[in-house]
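Before any comments, here is the structure.
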Ligand code: NI
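In this note's numbering, the protein residues as written are 9 to 174.
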């Protein structure tokens with residue numbers, strides 16, 4: 009097991025679109041395990057492979073933060089979405105920033121699990137937000153992209169400055 013380094017906004021590598029996983033083998037399972045470990049260590053409730061510079065369509069989520077409800081989605085595909093919610097989001101790649109974003113209230117996604125089996129998940133509220141947020145990462149999109157460009161520039165400056173001050 010190993011911890012990945014998490015890329016930070018505005019790192020251009022976060023803009024790389026992920027490629028679908030063609031075969032869920034032991035290499036992929038090791039990446040999934042290391043992603044869970046990295047997420048729990050951070051700690052966070054979701055992590056996309058894009059954030060650890062692995063450009064494969066893999067997401068890990070655990071709303072419990074403590075390993076009780078690990079959820080892995082490989083090659084997630086949105087089948088259905090309905091309603092809207094407007095909740096505060098944060099991101100391990102955009103540390104210390106929390107902003108309200110509009111998302112669907114309820115979604116259904118299809119994905120593969122760590123064994124390569126297809127499953128369907130219907131999620132609402134925070135879990136729907138989390139799945140959509142992580143699926144955005146796989147497209148190279150960040151939650152700050154949902155904000156106005158003025159707000160995004162302000163966040164970028166703040167984070168770049170915070171890193172220089174470290
Ligand atoms: Ni994120």
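Heads up, the beta-carbon is just placed ideally off N, CA and C, and yes, glycines get one too. None of these values were measured; they are calculated from a predicted model.
Kindly indicate which three-state DSSP category residue 97 falls into: helix, strand or coil?
To locate residue 97, count along the chain shown from 1; it is residue 89. Note: residue 97 maps to strand in three-state DSSP.
Residue 46 by DSSP, collapsed to three states: which one?
Position 38 of the chain shown, counting from 1, holds the residue named residue 46. Here residue 46 sits in helix by DSSP.
CB residue 12 to CB residue 150, shorter than 8 Å?
Locating residue 12 in the chain shown gives position 4, counting from the first residue. Locating residue 150 in the chain shown gives position 142, counting from the first residue. The answer is no: Cβ separation not under 8 Å.
Any heavy atom of ligand 1 inside 7 Å of the beta-carbon of residue 63?
By one-based count along the chain shown, residue 63 stands at place 55. Placement of the Cβ of residue 63 at a distance of 7 Å or more from every heavy atom of ligand 1 is found.
Would you say the beta carbon of residue 167 is closer than 7 Å to some non-hydrogen atom of ligand 1?
Stepping through the chain shown from its first residue, residue 167 is reached at position 159. Incorrect: residue 167 has no Cβ contact closer than 7 Å to ligand 1.
Is the closest heavy atom of ligand 1 to the C-beta of residue 72 under 7 Å?
Taking the first residue of the chain shown as position 1, residue 72 is located at position 64. For ligand 1, not one heavy atom lies less than 7 Å from the Cβ of residue 72.
Where DSSP assigns a beta bridge to residue 128, which residues make up the other side?
Residue numbering aside, residue 128 sits at position 120 when the chain shown is read from its first letter. The partner list for residue 128 (beta bridge, DSSP) reads 118.
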